[in-house]
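First the structure, in the form of structure tokens, and then the observations on it.
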Amino acid sequence: MIERFLNAWETSHQDILESLFSDHLFGARFASEDVFYDKASCIEYMMKHPIKRTILTTQSSGTTVLYEMQEDNKVIVGKMVIDHNHIVKLYETVKQNTIRIKAVCSYDGSDFLGYQRQATGQTIQGTIEMALYQGLNLQEPPTIHASGRTDKAVHAKHQVFHTDINTNIPVSKMARLINSYLPDSIHIHQLEEVPQTFHSRFDVLQKTYQYRINTKTYNPIQRNYEWFVNNLDPVRLQSILNEIKGTHDFQSFTTSTDQSTIRTISDVVVEPNDSHIVITITGDGFLRYMVRYIVYAAVSITQNKLPYTMTELVNRKDPNLLKEMAPASGLYLDHIMY
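The numbers in the numbering used here rise by one with no breaks, and the one at position 102 of the sequence shown is 442.
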């Protein structure tokens, strides 16, 4: 398939490219672009940017194909994931004289303006990039790429990022050096060298989020780490949340309409104890604000404050139905599976 794909790209054969890509292409990223494409925009890009290349190596393992190709004066390394004879993921990058590191970190999002670096204000990304720059004595702050961006005040127990760096410092010493320049609210737990074709976002198979709700007595000390909702029936809440399991169009649960809104939720678990309820949601990916809209809707339906069922909200596919979402404070990125 790799030869057929590259030949079709080189000759701008649109029909063949359309037949090779899955209609539910998870994403494509090209060596010259730091954005992810869906099927239509991916093919449009290829038609505008035909390649002239020489294949250097190909290697297949299960459903994954790794390849290197020479294009002009660059070597491109790529990874293609195939499912049911269709391309579902495509990732390319320019081969560099650097190493790619993968790190697992956690953070308290209370004092940050979110994950993504901004021109002003403290962010998770900006803080980690500066710690990498200082701790590893780099020439300039590197750009890190995370599994996803968390919003302002959202926490992470298990966030993954990768970056490319040029240093002689042993990988085994990097986490300690970087942590020495990080605030107490961010910590790197694991760090390892990975192949250049690894991508922290592209390679995600499943993500798990947790949402923490205090159901008994309001605690101002914990206000940045939970949502206070008094007298919530966990059995009914579980029954309501079961309705979102499976593959659905989640337009009603996001403000993002510039990408596919189809996602698969594999599991939802409601765990009550004496004073709290923890909702754990696992899926192949989540849209912006999706978990917070889901939690708000489920809680509101449980309390008879919303005139819809979860199934009706899903079927309506209307991003204007829900006017509120659960607070960011109770949300935790819990785990990333590759």
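Ideal placement from N, C-alpha and C gives every residue a C-beta, glycine not left out.
- Contact between E583 and M650 is confirmed by a C-beta separation of about 4 Å, below the 8 Å threshold.
- Take S525, set aside five residues on each side of it, and the residues of its chain with a beta-carbon closer than 7 Å to its own are Y447, D448 and D451, in chain order.
- In the DSSP annotation of this structure, the continuous segment of the beta strand (DSSP E) that includes Y549 starts and ends at Q546 to N554.
- Looking at the DSSP output, D607 bridges to T622.
- With 16 or more neighbouring CB atoms inside 10 Å of its own CB, L577 falls in the buried class.
- Looking at the DSSP output, S401 sits in a beta bridge with T404.
- Contact check for Y672 against H495 passes: the beta carbons are separated by less than 8 Å.
- When DSSP reads this structure, K429 sits in a beta bridge with G367 and V421.
- Partner residues in the beta bridge of S446, as assigned by DSSP, are H527.
- Taking 8 Å as the cut-off, the beta carbon of Q546 is found no closer than this to the beta carbon of A443.
- In this structure the region 394-410 does not lie against the region 502-522, because fewer than three pairs of beta carbons, one per stretch, are closer than 8 Å.
- By a beta-carbon distance limit of 8 Å, S592 does not contact D378. Their separation comes to about 20 Å.
- According to the DSSP assignment, V500 belongs to the beta strand (DSSP E) that extends over H495 to I505.
- Counting C-beta atoms within 10 angstroms of its own C-beta, K388 has fewer than 16 neighbours from the protein chains shown and is therefore classed as exposed.
- Assignment of Q591 by DSSP, reduced to helix, strand and coil, places it in the helix class.
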